[in-house]
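Chemist: Have a look at this one.
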Amino acid sequence: MECPLCRSSNFKKSKNLSIRCIKCGVWTHGSCLSLRESELTKLQSTFLCCNCNTTSEVITSKSLEVIVDPEMGSIGNSGPSGLTTSNGDSDTNKLDIIVREVSRLKTIEEKVGAIDAKFTVLDSRLTVTEVTFQENSEKITQLELANEELLQYIRKDNLEINGVPEVPGENLRQLFVDFSKVAGFNCETRDIQNIHRVPSRNPKKPRPIIVKLFYPHQKQELLGLKPRITSSQLGLPGPDQKIFISAIILLPIKETSSLKQGSL
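Its first residue numbered 4, the sequence shown is counted upward by one per residue in the numbering used here.
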């Protein structure tokens with residue numbers, strides 16, 4: 004038995020790489036057809052050798068003609084077997100593929116356009132947000148400066164007393180009256196506009212006392228005495244401690260403004 008294409012009868016090494024004609028039973032080398040083993044397997048039930056095919060459809064695989072029975076169907080290169088069908092079917096399939104690909108690209112283009120439009124809107128919103136943020140930051144700075152000016156005004160007549168031991172249930176107004184008398188300054192509880200303790204920077208020390216008198220000249224008069232008083236002179240319990248009185252140190256408004264602006 005010879006291969007009808009190469010006329011060789013050697014099929015020992017290529018038995019699995021050959022294909023048998025469904026009419027005459029003649030074997031043809033797969034290498035002569037330029038077909039792989041997987042492609043030969045797909046053609047086993049439809050293959051006709053070149054001698055038996057007289058009226059059947061011809062398909063091309065590489066540079067050789069492979070014959071298949073038209074009643075059994077054919078396999079093309081665009082399918083899983085890797086073969087090519089007749090030119091008409093191939094062109095139609097290619098055209099369909101191109102049409103589908105163009106449609107897919109148009110869809111992608113539309114989606115990209117929609118995303119780009121959304122990005123433009125978001126970019127505009129971001130710009131507006133940045134402008135609003137800048138405007139709000141300036142307003143906040145102005146409010147902080149105005150608040151600082153108000154606090155400076157409120158504090159300008161305040162006195163600060165440090166070193167006074169804290170006693171449960173203490174009467175700060177009477178304590179300040181006693182302090183004034185020891186210092187040689189005449190003060191009554193009615194002269195005190197406000198008095199309270201504020202948090203201490205050092206938790207181991209007593210909280211400072213802030214006093215605001217009704218009349219600014221009283222503050223200056225008391226500070227002018229430069230009193231040196233201890234806690235024992237006020238009858239306070241515990242170890243004897245020095246008590247200091249001073250005016251509230253105020254920062255210039257311009258310096259305060261620069262600090263506020265630098266912190267934003």
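For each residue, glycine too, the CB sits at the ideal point set by N, CA and C. Since this is a predicted model, take the numbers as computed values, not measurements.
So the alpha helix (DSSP H) Leu-46 belongs to, where does it begin and stop?
Modeler: Looking at the DSSP string, the run of the alpha helix (DSSP H) that includes Leu-46 is 40-46.
Chemist: Report yes if the CB atom of Ile-164 is closer than 9 Å to the CB atom of Phe-247, and no otherwise.
Modeler: It is a contact, given that the beta carbons lie within the stated cut-off.
Chemist: Taking the Cβ atom as the reference point for each residue, do Ala-186 and Leu-148 lie within a distance shorter than 9 Å?
Modeler: No. Outside cutoff.
Chemist: Cα separation between Asn-189 and Leu-228?
Modeler: If I take the Cα positions, the gap works out to 12 Å.
Chemist: Along the beta strand (DSSP E) that carries Glu-224, what are the first and last residues, could you check?
Modeler: Not the beta strand (DSSP E): Glu-224 falls in the alpha helix (DSSP H), residues 219-228.
Chemist: For Asn-174, which of helix, strand or coil comes out of DSSP?
Modeler: The answer is coil: DSSP assigns Asn-174 none of H, G, I, E or B.
Chemist: With a 10 Å radius around its C-beta and 16 neighbouring C-beta atoms as the bar for buried, classify Val-167 as buried or exposed.
Modeler: Under this definition Val-167 is a buried residue.
Chemist: Does the distance from the C-beta atom of Arg-23 to that of Trp-30 stay below 9 Å?
Modeler: Against a cut-off of 9 Å, the Cβ pair of Trp-30 and Arg-23 comes out as a contact.
Chemist: Using CA coordinates, which residue listed in Pro-242, Pro-240, Glu-152, Phe-50 is at the minimum distance from Lys-26?
Modeler: Taking only the C-alpha atoms, the option nearest Lys-26 is Phe-50.
Chemist: Opposite Arg-200 in the DSSP bridges: which residues?
Modeler: Partner(s): Ile-212.
Chemist: Whole angstroms are fine: how far does the CA of Phe-179 sit from the CA of Thr-130?
Modeler: Cα-Cα distance, rounded: 58 Å.
Chemist: Applying the 10 Å Cβ sphere with the 16-neighbour rule, what's the burial state of Ile-143?
Modeler: Ile-143 comes out exposed.
Chemist: Kindly indicate the opening and closing residues of the alpha helix (DSSP H) around Leu-162.
Modeler: Run containing Leu-162: none in the alpha helix (DSSP H); it sits in the beta strand (DSSP E), 161-165.
Chemist: Would you decide whether His-220 is buried or exposed? Buried here means 16 or more other CB atoms lie within 10 Å of its CB.
Modeler: Classification of His-220: exposed, given that the 10 Å Cβ count is below 16.
Chemist: Tell me whether Lys-26 sits in a helix, a strand or coil according to DSSP, three-state version.
Modeler: Three-state DSSP puts Lys-26 in coil, outside helix and strand.
Chemist: For Asn-240, count neighbouring C-beta atoms within 10 Å of its own C-beta (all shown protein chains included) and say buried if the count is 16 or more, exposed if not.
Modeler: According to the sequence shown, residue 240 is Pro rather than Asn. Exposed, by the Cβ-count rule.
Chemist: Count the other C-beta atoms from every protein chain shown that fall within 10 angstroms of the C-beta of Pro-202, then say buried if there are 16 or more, exposed otherwise.
Modeler: Under this definition Pro-202 is an exposed residue.
Chemist: Measuring straight from C-alpha to C-alpha, what distance separates Asn-56 and Phe-14?
Modeler: Asn-56 and Phe-14: Cα-Cα distance of roughly 22 Å.
Chemist: Kindly give me the distance between the Cβ atoms of Asp-194 and Leu-237, rounded to whole angstroms, as I take these residues to be in contact under 8 Å.
Modeler: About 18 Å separates the two Cβ atoms, so there is no contact after all.
Chemist: Within 10 angstroms of the Cβ of Asp-119, are there 16 or more other Cβ atoms? Answer buried if so, exposed if not.
Modeler: Exposed, since its Cβ has fewer than 16 Cβ neighbours within 10 Å.
Chemist: Using CA coordinates, which residue listed in Lys-121, Ile-232, Arg-210, Arg-158 is at the minimum distance from Gln-196?
Modeler: Among Lys-121, Ile-232, Arg-210, Arg-158, the Cα nearest to that of Gln-196 belongs to Arg-158.
Chemist: When the Cα of Pro-242 is compared with those of Ser-127, Glu-169, Pro-211, which residue comes out closest?
Modeler: Closest by alpha carbon: Glu-169.
Chemist: To the nearest angstrom, report how far apart Leu-67 and Gln-47 are at their CA atoms.
Modeler: Only weak support is given to the placement of Leu-67: the predicted model assigns it a pLDDT of 36, under 50, and the question is left unresolved by the model.
Chemist: If we ignore side chains and look at the alpha-carbon of each, how far apart do Glu-5 and Ser-41 end up?
Modeler: Using only the alpha carbons, I get a separation of about 23 Å.
Chemist: Under the rule that 16 or more other beta-carbon atoms within 10 Å means buried, what is Gly-28, buried or exposed?
Modeler: Flag for Gly-28 reads exposed.
Chemist: With a cut-off of 8 Å on the beta carbons, I'd call Ile-232 and Leu-175 a contact; round off their distance for me.
Modeler: With 8 Å as the limit, Ile-232 and Leu-175 do not qualify as a contact, their Cβ atoms being about 15 Å apart.
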